[in-house]
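In our numbering, the protein residues as written are 4 to 425. Beta carbons: idealized from backbone N, C-alpha and C, even for Gly. Keep in mind that this is a model prediction, so the values were computed, not measured.
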Ligand code: GLU
């Protein structure tokens with residue numbers, strides 16, 4: 004029998020698109036266009052490292068679609084960053100900006116490397132080389148980058164500075180997720196996690212008929228998204244019983260959640276480099292975390308965490324996808340068959356790019372909004388997007404992923420049709 008692999012993110016993104024092709028009212032020519040990115044940029048970045056050796060790194064920027072506005076999406080630094088991964092992530096950005104209803108298209112970038120192998124000075128020069136290589140294809144009205152896996156406000160500051168040098172004037176709107184001092188937005192760092200928690204709260208009410216305070220939650224991943232998801236869920240009173248990072252996980256038995264406050268967990272994670280060191284907990288692996296008997300499971304790490312191999316062992320009632328592409332299409336079918344509801348990534352984690360949009364608007368207007376204003380708008384837009392997807396899923400008898408995707412594909416196709424893209 005032919006080996007079934009569901010590990011290629013781009014194949015998975017295409018399978019998802021194919022799964023709504025029959026449902027959506029979209030002409031075949033637009034679906035054909037949407038299967039492919041509009042543009043892919045591949046660059047070879049040769050860097051003379053401080054150690055003296057010269058190493059060549061591969062960099063990518065994939066621009067999937069810009070019918071609804073400029074290309075938008077993060078930049079990730081990871082040893083597994085490959086063209087097909089970046090392609091999938093770019094397509095998912097197109098759907099995400101449509102679902103959360105902001106005037107952007109979708110793009111993604113990556114450099115294949117392990118950032119912990121590079122000293123800060125090398126990382127800065129590599130980032131600047133990447134900007135030099137793609138300068139003509141980015142800009143505040145063309146393609147706006149943001150943080151993703153292993154990139155952060157400092158990375159965005161270097162990009163903004165390099166781009167501004169090349170264009171001979173300050174251009175804060177070329178990137179979002181910047182430090183506050185350089186035109187970053189209040190609330191941006193926590194935005195993705197906060198949005199995930201808002202979606203989880205709505206999903207718990209809708210599908211489990213419970214209050215968020217009365218459910219147990221396990222969160223896989225303690226990077227920017229995972230840690231802020233944990234922090235906002237704890238603020239809401241949810242019982243976070245398990246967390247993990249690349250080194251492993253921690254489980255608080257008894258179903259009451261962690262006894263120590265979020266700040267203490269975060270301090271331990273920073274000090275010891277691992278959340279599994281939280282005192283009084285049971286150490287578990289990332290794989291075990293995914294199979295815990297909890298109400299809500301939140302994968303907040305990388306793609307392909309719930310696959311056909313382990314989907315049958317997932318015992319959560321709800322899966323809220325904080326990472327991009329954590330569930331493969333095969334796993335999706337297994338979870339659905341087992342009565343598990345999935346709140347898809349393109350809805351659940353769209354709070355990040357939403358507040359990126361707020362940052363861009365503030366930059367273009369030379370304005371600065373308060374954190375309260377940002378969080379209130381985030382709450383409003385996330386709740387509305389959740390309700391829109393829910394309504395569509397009920398009226399069209401679709402699961403939440405297909406409903407979100409169908410809404411997105413129809414919006415993008417409509418913009419293409421009006422613009423005369425065929
Ligand atoms: N990297 C984030 C994502 O996957 C944020 C993108 C952005 O803000 O442009 O949604």
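Cross-strand partners of residue i (DSSP beta bridge)
{"i": "residue 285", "result": "254"}
{"i": "residue 43", "result": "65"}
{"i": "residue 79", "result": "113"}
{"i": "residue 300", "result": "221 and 322"}
{"i": "residue 74", "result": "146"}
{"i": "residue 48", "result": "60"}
{"i": "residue 309", "result": "330"}
CB contact flag (residue i, residue j, <8 angstroms)
{"i": "residue 366", "j": "residue 73", "result": "no"}
{"i": "residue 406", "j": "residue 399", "result": "yes"}
{"i": "residue 292", "j": "residue 317", "result": "no"}
{"i": "residue 116", "j": "residue 166", "result": "no"}
{"i": "residue 337", "j": "residue 324", "result": "no"}
{"i": "residue 418", "j": "residue 71", "result": "yes"}
{"i": "residue 348", "j": "residue 95", "result": "yes"}
{"i": "residue 108", "j": "residue 67", "result": "yes"}
{"i": "residue 253", "j": "residue 286", "result": "yes"}
{"i": "residue 65", "j": "residue 110", "result": "yes"}
{"i": "residue 243", "j": "residue 196", "result": "no"}
{"i": "residue 16", "j": "residue 91", "result": "yes"}
{"i": "residue 224", "j": "residue 200", "result": "no"}
{"i": "residue 310", "j": "residue 9", "result": "yes"}
{"i": "residue 353", "j": "residue 192", "result": "no"}
{"i": "residue 158", "j": "residue 130", "result": "yes"}
{"i": "residue 222", "j": "residue 235", "result": "no"}
{"i": "residue 302", "j": "residue 272", "result": "no"}
{"i": "residue 230", "j": "residue 277", "result": "no"}
{"i": "residue 55", "j": "residue 89", "result": "no"}
{"i": "residue 194", "j": "residue 381", "result": "yes"}
{"i": "residue 358", "j": "residue 226", "result": "no"}
Cα-Cα separation between residue i and residue j, rounded to whole angstroms
{"i": "residue 87", "j": "residue 41", "result": "14 angstroms"}
{"i": "residue 363", "j": "residue 296", "result": "41 angstroms"}
{"i": "residue 61", "j": "residue 328", "result": "22 angstroms"}
{"i": "residue 384", "j": "residue 334", "result": "29 angstroms"}
{"i": "residue 331", "j": "residue 98", "result": "17 angstroms"}
{"i": "residue 32", "j": "residue 414", "result": "15 angstroms"}
{"i": "residue 136", "j": "residue 389", "result": "38 angstroms"}
{"i": "residue 181", "j": "residue 187", "result": "4 angstroms"}
{"i": "residue 425", "j": "residue 322", "result": "37 angstroms"}
{"i": "residue 59", "j": "residue 320", "result": "46 angstroms"}
{"i": "residue 142", "j": "residue 37", "result": "23 angstroms"}
{"i": "residue 251", "j": "residue 290", "result": "9 angstroms"}
{"i": "residue 77", "j": "residue 134", "result": "13 angstroms"}
{"i": "residue 340", "j": "residue 121", "result": "45 angstroms"}
{"i": "residue 371", "j": "residue 315", "result": "48 angstroms"}
{"i": "residue 426", "j": "residue 343", "result": "The question about residue 426 has no answer, for the chain in this structure spans 4 to 425."}
{"i": "residue 160", "j": "residue 139", "result": "19 angstroms"}
{"i": "residue 185", "j": "residue 274", "result": "28 angstroms"}
Buried versus exposed call for residue i [16 or more other C-beta atoms within 10 Å across all chains shown]
{"i": "residue 75", "result": "buried"}
{"i": "residue 220", "result": "buried"}
{"i": "residue 249", "result": "exposed"}
{"i": "residue 13", "result": "buried"}
{"i": "residue 47", "result": "exposed"}
{"i": "residue 351", "result": "buried"}
{"i": "residue 412", "result": "buried"}
{"i": "residue 5", "result": "Reliability of the predicted coordinates at residue 5 is poor, the pLDDT of 39 falling under 50, and the value obtained from them is presented with this limitation in mind. By the neighbour-count rule (16 or more Cβ atoms within 10 Å), residue 5 is not buried but exposed."}
{"i": "residue 7", "result": "Because the pLDDT at residue 7 is just 49, under 50, the model does not fix this residue reliably, and the point stays unresolved."}
{"i": "residue 284", "result": "buried"}
{"i": "residue 204", "result": "buried"}
{"i": "residue 149", "result": "buried"}
{"i": "residue 401", "result": "buried"}
{"i": "residue 57", "result": "exposed"}
{"i": "residue 132", "result": "buried"}
{"i": "residue 179", "result": "buried"}
{"i": "residue 218", "result": "buried"}
{"i": "residue 144", "result": "exposed"}
{"i": "residue 308", "result": "buried"}
{"i": "residue 305", "result": "buried"}
{"i": "residue 355", "result": "buried"}
Residue i: CB within 7 angstroms of a non-hydrogen atom of the ligand PLP
{"i": "residue 327", "result": "Only the ligand GLU can be found as ligands here, which leaves the ligand PLP out of the picture."}
Within-8 angstroms CB hit, residue i to chain D
{"i": "residue 100", "result": "In the structure shown, chain D cannot be found, because there is only a single protein chain."}
- Query: At which residue ranges does the segment 225-283 contain complete alpha helix (DSSP H) runs of 4 or more residues, listed in the order of the chain?
  - Reply: 227-239 and 265-275
- Item | 3 or more residues per run - each beta strand (DSSP E) lying fully within the segment 315-354 | 321-323 and 344-346
- List in chain order: all unbroken beta strand (DSSP E) runs of 3+ residues lying wholly within the segment 133-180. 146-150
- Item | Sequence ranges, alpha helix (DSSP H) only - wholly within the segment 343-419, length at least 4 | 348-351, 354-367 and 374-399
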